[in-house]
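Below is one structure, written out as structure tokens; the observations come after it.
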Amino acid sequence: MIERTSPEALREQHAAYVFANVATYYDEPLVLVRGEGATVWDADGRSYLDAFGGILTVLLGHAHPAVTERVKAQVERLVHTSTLYVNEPMVTLSARLAEVTPGALKRSFFTNSGTEANETALLVARLYTGREAVLALRHSYHGRSALTLSAGGQGAYKAGGSLPGVYHLASPYCYRCPFGLTYPACDLRCAKDAEEVILTAAGGEVAAFIAEPFQGVGGFITPPPEYFKEVVAIVRRYGGIFIADEVQTGWGRTGRYLWGIEHWDVVPEVMTSAKGMANGFPIGWTIATEEVAAAFTKATISTFGGNPVSTAAALAVLDVVKAENLPENAERVGEALQDGLRALQDLYPAIGDVRGKGLMVGVELVHGGKRPAPDLLRRWMEAARKRGLLIGKGGLYGNVARIAPPITIGRSEAEEIVRILKAAMEDVMPYWE
Ligand code: PLP
1056 MIERTSPEAL REQHAAYVFA NVATYYDEPL VLVRGEGATV WDADGRSYLD
1106 AFGGILTVLL GHAHPAVTER VKAQVERLVH TSTLYVNEPM VTLSARLAEV
1156 TPGALKRSFF TNSGTEANET ALLVARLYTG REAVLALRHS YHGRSALTLS
1206 AGGQGAYKAG GSLPGVYHLA SPYCYRCPFG LTYPACDLRC AKDAEEVILT
1256 AAGGEVAAFI AEPFQGVGGF ITPPPEYFKE VVAIVRRYGG IFIADEVQTG
1306 WGRTGRYLWG IEHWDVVPEV MTSAKGMANG FPIGWTIATE EVAAAFTKAT
1356 ISTFGGNPVS TAAALAVLDV VKAENLPENA ERVGEALQDG LRALQDLYPA
1406 IGDVRGKGLM VGVELVHGGK RPAPDLLRRW MEAARKRGLL IGKGGLYGNV
1456 ARIAPPITIG RSEAEEIVRI LKAAMEDVMP YWE
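Once you know that position 147 of the sequence shown is 1202 in our numbering, the rest is easy, because the numbers rise by one and skip nothing.
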């Protein structure tokens, strides 16, 4: 029998022994003890509808039976090999992934997190092209290693400065267009900026452009439909390759089988993912074309990469997403969710923008004159939590609610999310300025 520590003691120890800058939501950090489907329970027995799906990790909901069964069987059989030995789930998964990824993507490398996946992708792009310059987007987030932090385009995470060789393009953030323009009259000025940056700051050469098909931590920023085609064509003209960071957008969440980038009709040379890939088990993954992967000629190893338990979980995720047609569900339920949130936008001036695709929906809160309202979001999240709903936070200004529940939810849960957010908005409107 495992002895349980009280929630008060856990919060005290958390405050005393965990790095103080580790972000937690809510005035009093929530201690979670159990999850099932889209519901989680805290240590005081209260239940919540988890409309952040962990942190876009529990794609199929907490403790999905198909994942649990596969993981249990694997734990009893073989827990670890490292990449030095071949294990069945890792190899089977590699072959399956080559089938379900776009274009000529073929060779996989497994790690433990999205950070490592992107670090690998950038390294391989530099080796393949023999160049250094990496283009990334402002408002992006790609991880917390030195290079991926440098590729990130949000000041709040820039601990320890930035490495040289990374150049940031304007984000396709139409609600706050960096050029003060309006789509489509803007003629995609943000995409055309890539050429200017390559020719000036990057010295005329580029190794890779890394971008999220929808910017996640940046606040579910959704580009205009032609944006990626335009920017990737420019990057390729100057010899660079395209890395699609599907850490948040993969596995059907945005309503496509299986990738966010498939909305934009562009095929990457390298793709990465993590988060929802193994429904919450730690995993990172980089896939590259045969040609690009061949450039990685130095010896490499990952101690925990390709772990048979995590890769077994990922196989279960692939099976369930396909068998239950979940991308279609995400598209249908996501549309209902956006409709409900747009109806709230008509009622409340604090809701400046509703955006996203599938079950990746951002709600940007503003005061009058489009002033970012992070204070209001903090109160909105707190009020929603008290009413039994968890949502996420994002955006450079900390004013974008991120709604990304498990993609298994139905219309009734989407309606419940909207109902609670409406009631919570009533609570916070007195603070709108
Ligand atoms: N890329 C994107 C788009 C992310 O959202 C994140 C994490 O939020 C990462 C990379 C880094 O992943 P991890 O936290 O697993 O290292």
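The beta carbon of each residue, even a glycine, is placed where N, CA and C say it ideally should be.
Of the heavy atoms belonging to the ligand PLP, at least one sits nearer than 8 Å to the Cβ of Asp1300. When Gly1271, Gly1220, Arg1101, Tyr1212 are compared, the shortest CA-CA separation from Ala1262 is found for Gly1220.
In terms of CA proximity to Ala1257, Arg1186 leads the group Arg1186, Gly1307, Gly1271, Ala1438. The count of Cβ pairs closer than 8 Å, one atom from the segment 1125-1144 and one from the segment 1385-1402, stays below three, leaving the stretches out of contact. Pairwise C-beta distances place the segment 1356-1369 out of contact with the segment 1435-1449, as fewer than three of them are shorter than 8 Å. In terms of side-chain proximity, the C-beta atom of Ser1168 is found nearer than 8 Å to a non-hydrogen atom of the ligand PLP.
For Ser1217, the closest of Ser1226, Leu1224, Ala1206 by C-alpha to C-alpha distance is Ala1206.
For Thr1079, the shortest C-beta to heavy atom distance toward the ligand PLP is 8 Å or greater. Annotation for Asp1248: Leu1224, Ala1225 place their beta carbon closer than 7 Å to its own, counting only its chain and skipping 5 residues before and after. For Val1086, the closest alpha carbon among the candidates Pro1363, Arg1311, Pro1062 is that of Pro1062. With a cutoff of 9 Å on beta-carbon distance, Val1416 and Leu1396 are scored as near each other. DSSP places Glu1067 in the helix class (H, G or I) of the three-state scheme.
Assignment of Ser1102 by DSSP, reduced to helix, strand and coil, places it in the strand class. Beyond the five residues adjoining it in sequence on each side, Thr1094 comes within less than 6 Å, by CB distance, of Ser1102 in the same chain, given in chain order.
Here Met1484 carries a helix assignment [DSSP, helix/strand/coil]. In the displayed model, Trp1435 falls within a helix according to three-state DSSP. Burial state of Ala1367 is buried, judged by a 10 Å Cβ sphere holding 16 or more other Cβ atoms. It is roughly 35 Å from the alpha-carbon of Glu1154 to the alpha-carbon of Leu1445. Annotation for Thr1112: Lys1330, Gly1331, Asn1334, Gly1335 place their beta carbon closer than 8 Å to its own, counting only its chain and skipping 5 residues before and after.
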